[in-house]
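One structure is given below, encoded as structure tokens.
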Amino acid sequence: MPDPQPVLYLAAPRGFCAGVDRAIDIVEMALRVYGPPVWVRHEIVHNRHVVDDLRRKGAVFTDDLTEVPAGAVVIFSAHGVSPAVRREARERGLKALDATCPLVTKVHLEALRHAKDGTTIVLVGHRHHVEVQGTLGEAPESIVVVETPAEADTVEVRDPSRVAYITQTTLSVDDCRAIVEVLKRRFPAIREPAKDDICYATQNRQNAVKELSRRCAAILVVGAPASSNANRLVEVAKAAGAQAWLIESAEDIRPEWLAGGGNVGVTAGASTPEDIVQACVAHVCELGGHRVEAFRLVEERVMFPLPGELLSMAKEKGVEVGAGNERAAARAAVEFPVKHH
Ligand code: SF4
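8 is the number of the first residue of the sequence shown in the numbering used here; add one for each residue after it.
Encoded structure:
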């Protein structure tokens, strides 16, 4: 007899990545070390729940450094900033703390290295995304941004024998591959990143949702409309044949999505807090009577250290730091009442 109870498969890995954990830890620790208000350039990560929570604790978010009073603490978001923004902060006498994800910094350094030896850099990514703007700012005269295979087919470079490509960290792996194929056909000597620029968290979440889309009629991706990797998860699920929706919270779930009575997959972008995911899971179970099962593809054990200067200040002021990355440790401790695959 087939089991009539539909299953909610909860993807793992999902939600917060090491870069997001670190960025939030930096803001929280800066609030404890320096006291509020602490200014943050841009949303620290693209999630309004995270931003609202930090705002309540005393963080002030702005996209305009001229709003930050001289001498104040300003934190650069996980997406990274261009050298012009760093310069502006210095010139205005701000105390800057950098929450740029180390995997974004790696891409900035690749851009700089190629620009120094006169190579034209094709940056594959979404030109209006804040991460791409930051990377572009490293060497604007040497970088061209390409968003689609059609653009890759027509992009002009100074010298076709001296070309490299780098990518945004949160692209769709499959879409990026299609663009890179065009670039390789046009520029056979093109230099590639030594290791993928699309980060481990993006790849793992996409791989998991792709698998889930094979066993679920509907996929719910919990994340913000501004989150690049959450939007890519929806696209990956749709490309794999499932119906998929981006939801910000449990209230966005529409009963008709579950009306077919089939299995549902739930995942979350890298900037989505776990309590929001859990509320969505509970709501689906309430609406559709689903049984929850974890669907884990890989274990993630990545952690990034906090900035040394923040740790030193915490020590100087007697602020407790905790053992490494507090948020990641807390996440590892979350238990689910679920059967594991
Ligand atoms: Fe870093 Fe990837 Fe997380 Fe972005 S999604 S913060 S690049 S680990």
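All C-beta atoms in this analysis are idealised placements derived from N, C-alpha and C, irrespective of residue type, glycine included.
Per the CB criterion, closer than 5 Å to any heavy atom of the ligand SF4, the qualifying residues run in chain order as C24, G26, A85, C108, L110, T176, C206, A208 and A277. According to the DSSP secondary-structure assignment, A96 is paired through a beta bridge with no residue. By the Cβ test, the region 244-260 is not in contact with the region 58-66, since fewer than three Cβ pairs between them sit closer than 8 Å. Taking L15 as reference, the option from R261, L253, E255 and A224 with the minimal CA-CA separation is A224. Here the alpha carbon of E255 sits roughly 22 Å from the alpha carbon of T176. When only Cα atoms are considered, A251 and A30 end up about 29 Å apart. Comparing alpha carbon positions, the residue from V81, P76, G87 and A231 closest to G26 is G87. Contact check for A19 and F302: beta-carbon distance about 7 Å, within the 8 Å limit, so the pair qualifies. Judged by beta-carbon spacing, V45 lies within the 8 Å limit of V80, meaning their Cβ atoms are closer than that value. As a beta-bridge residue in DSSP terms, D105 pairs with F83. In the structure shown, L15 falls within a strand segment according to DSSP collapsed to helix, strand and coil. At the C-beta level, V111 and E145 stay beyond 8 Å of one another. Taking each of E158, H290, S168 and E154 in turn and checking the Cα distance to G125, the smallest one comes out for S168. Counting only residues of its own chain and dropping the five nearest sequence neighbours on each side, L104 has a CB closer than 8 Å to the CB of I33, A37, V80, V81, I82, F83, P314, E316 and L317. Annotation: the continuous alpha helix (DSSP H) that includes E35 extends over A25 to Y41.
For S149, the number of other beta carbons within 10 angstroms of its own is at least 16, and it is reported as buried.
In this structure, the CA atom of V229 is about 23 Å from the CA atom of C183. Going by DSSP, I283 is part of the alpha helix (DSSP H) stretching over E281 to G295.
For the set R48, I226 and E306, the Cα lying nearest the Cα of T107 is the one of R48. By the CB criterion at 8 Å, I51 and V58 fall inside the cutoff. An exposed status is given to K123, since fewer than 16 other beta-carbon atoms sit within 10 Å of its beta-carbon.
For L61, the enclosing alpha helix (DSSP H) stretches over residues R55 to K64.
The three-state reading of DSSP puts R308 in coil, since its state is none of H, G, I, E or B. Close CB contacts of N214 within its chain, under the 6 Å cut and outside five residues either way in sequence, are with L304 (chain order). In the DSSP annotation of this structure, the continuous segment of the alpha helix (DSSP H) that includes E158 starts and ends at P156 to T161. In the DSSP assignment, Q140 falls within the unbroken alpha helix (DSSP H) covering V137 to L143. One alpha carbon belongs to A237, the other to S278, and they sit about 8 Å apart. Closest by C-alpha distance to P147, out of V326, R99 and H115, is H115.
The shortest CA-to-CA distance from E300 to any of N211, V271 and D71 is the one to V271.
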